[in-house]
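**Student:** One structure, pasted below without further comment.
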Amino acid sequence: MQRIKGTYYLAGRSDTRPALALLRDDGSLRIIATDYDYELATTTLQECHEGDVLPDLPIELHLPDGDYFLPDDAQHRWHPKSGFIAYIESHLLTVILAALLVPASFWFIFNTAIPATAKVTAPMIPKEILNRMGESSLKTVDYFLEESEIPDEERQSIIAEWQEAADNAGLENHYNVLFRRGATPTANAFALADGTIVIFDGLVKQLSREELIAVLFHEAGHVDLHHHPQMVIQASAGAIIYGLLLSDMEGLSEAILGTGISLGQNAFSRRMETEADDFAARMLTASGRQPIALADALKSIGGDRDATNNWREYLSTHPDTQKRTQRIENPEAIPD
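Structure, rendered in structure tokens:
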């Protein structure tokens, strides 16, 4: 039996009594006034409820009739089963550590666990699904693009040289190289999930043939490293987790989802760009070409991204151009 010293407060009155609570193992409870030695209340612990748990303060026990008992011991807990929760709530340092641990855990989940899982599962996605993804994406972007103005003979020459370079590097010929023109002169290229690689006319005009082949190897890296399905898996997993956590916060959840997932996907994209750079450098070497061609291409089309600062780099989907070229120009930095 527990003997708990404290103060008894009468409902609706300012009167208090020094009291002793006698709590038996079966949950029966008697509260006795210690100044006049008479019984104040008889009940069970199950019929009572606890007050709020506040750091370094005793927990009130509210009786069915409205009276309540306040123990002298601030560490006393009426329900041992809730001891862990009460400990967390009653210790400021623990609360602070928990507040730091939660965001750290989410950072690990979104920046390590989800990407690692996506990297393992992405190659398992059937080719038919990847083909549908690529076809759908191409239809969408073609609404905003025009037919290429590069002469057919030059396009065929680029494709033939690319196929030869890919064969020399030991790559399977599952790429479909297309040429498009943007509404404004654009030096760019992108790959789709099904192996389609789209080259803009501006890129053909701006780069040398060696540099263009290097860019094609970079885009092929996105395909062969399964970056597109990884992005889909990562975005889906992130959206599901955010949605489950914030489903009852409509306006705020939309804002956080839009910003948080966007920034998270930018981080994923920067990692993938580096992986594609490494892939291109290895394939250029394997095909008998120089990786420096990729660095030269990046310098040519990088524009003002060389001046990117840390914040702008985080908000960008591509790593800083200078960092990329320095990595490519250092063969020891490229993993096998």
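For what it's worth, our numbering labels the leading residue of the sequence shown as -15, then goes sequentially.
Don't be surprised by glycine CBs; every beta carbon is placed ideally from N, CA and C.
Since the model is a prediction, treat every value here as computed from it, not as a measurement.
Whole alpha helix (DSSP H) runs in the segment 151 to 193 with 4 or more residues, listed along the chain?
**Tutor:** The segment 151 to 193 contains these whole alpha helix (DSSP H) runs: 185 to 190.
**Student:** Would you tell me roughly how many angstroms separate the C-alpha atoms of Phe92 and Arg308, rounded to the nearest one?
**Tutor:** When rounded, the distance between both Cα atoms is 25 Å.
**Student:** Pick from Gln274, Tyr52, Ile43, Ala100: whose alpha carbon is nearest that of Ser346?
**Tutor:** Not covered by the structure: residue 346. The range shown for the chain is -15 to 320.
**Student:** Cα separation between Glu297 and Gln190?
**Tutor:** The pLDDT assigned to Glu297 is 43, lower than 50, so where the model puts this residue is not dependable; a value taken from the coordinates is nonetheless given after this. Answer to the nearest angstrom: the Cα atoms are 24 Å apart.
**Student:** Using the three-state DSSP reduction, which class does Thr78 fall into: helix, strand or coil?
**Tutor:** Residue state, collapsed to three classes: helix.
**Student:** Buried or exposed: which applies to Ala100, given that a residue is buried once 16 or more other Cβ atoms fall within 10 Å of its Cβ?
**Tutor:** So Ala100 counts as exposed.
**Student:** Could you have a look at Glu195 and say whether DSSP puts it in helix, strand or coil?
**Tutor:** Glu195: helix per DSSP, three-state reduction.
**Student:** What is the residue span of the alpha helix (DSSP H) that Pro2 lies within?
**Tutor:** Where Pro2 is concerned, there is no enclosing alpha helix (DSSP H), although the beta strand (DSSP E) it sits in stretches over 0 to 7.
**Student:** Using 8 Å as the threshold, is the segment 113 to 129 in touch with the segment 167 to 186, meaning 3 or more CB pairs across them?
**Tutor:** With a cut-off of 8 Å, the segment 167 to 186 and the segment 113 to 129 count as touching, because enough Cβ pairs lie within range.
**Student:** By the DSSP assignment, the alpha helix (DSSP H) with Ala100 in it spans what residues?
**Tutor:** Residues 98 to 105.
**Student:** Which value, in whole angstroms, describes the spacing of the CA atoms of Glu34 and Leu77?
**Tutor:** Each residue's alpha carbon lies about 23 Å from the other.
**Student:** So, at 7 Å on beta carbons, what are the nonlocal neighbours of Ile318 in its own chain, with the 5 sequence-adjacent residues on each side left out?
**Tutor:** Same-chain partners within the cutoff: Asp262, Ala265, Arg266.
**Student:** Going by DSSP in three states, His212 sits in which element: helix, strand or coil?
**Tutor:** Note: His212 maps to helix in three-state DSSP.
**Student:** Could you please give me the residues that DSSP links to His46 through a beta bridge?
**Tutor:** His46 is bridged to His33, Tyr52.
**Student:** Starting from Gly118, follow its DSSP beta bridges and name the residues at the other end.
**Tutor:** Gly118 is not bridged to any residue.
**Student:** Quick one: measure Cβ to Cβ for Glu194 and Arg139, integer angstroms, because I've assumed they're closer than 8 Å.
**Tutor:** With a Cβ gap of about 17 Å, Glu194 and Arg139 do not count as contacting.
**Student:** Give the DSSP-derived three-state secondary structure of Gln147 in the structure shown.
**Tutor:** In this structure, Gln147 counts as helix in the three-state DSSP scheme.
**Student:** Let's see if you can read the secondary structure: which residues bound the alpha helix (DSSP H) around Arg311?
**Tutor:** Per DSSP, Arg311 belongs to the alpha helix (DSSP H) from 305 to 312.
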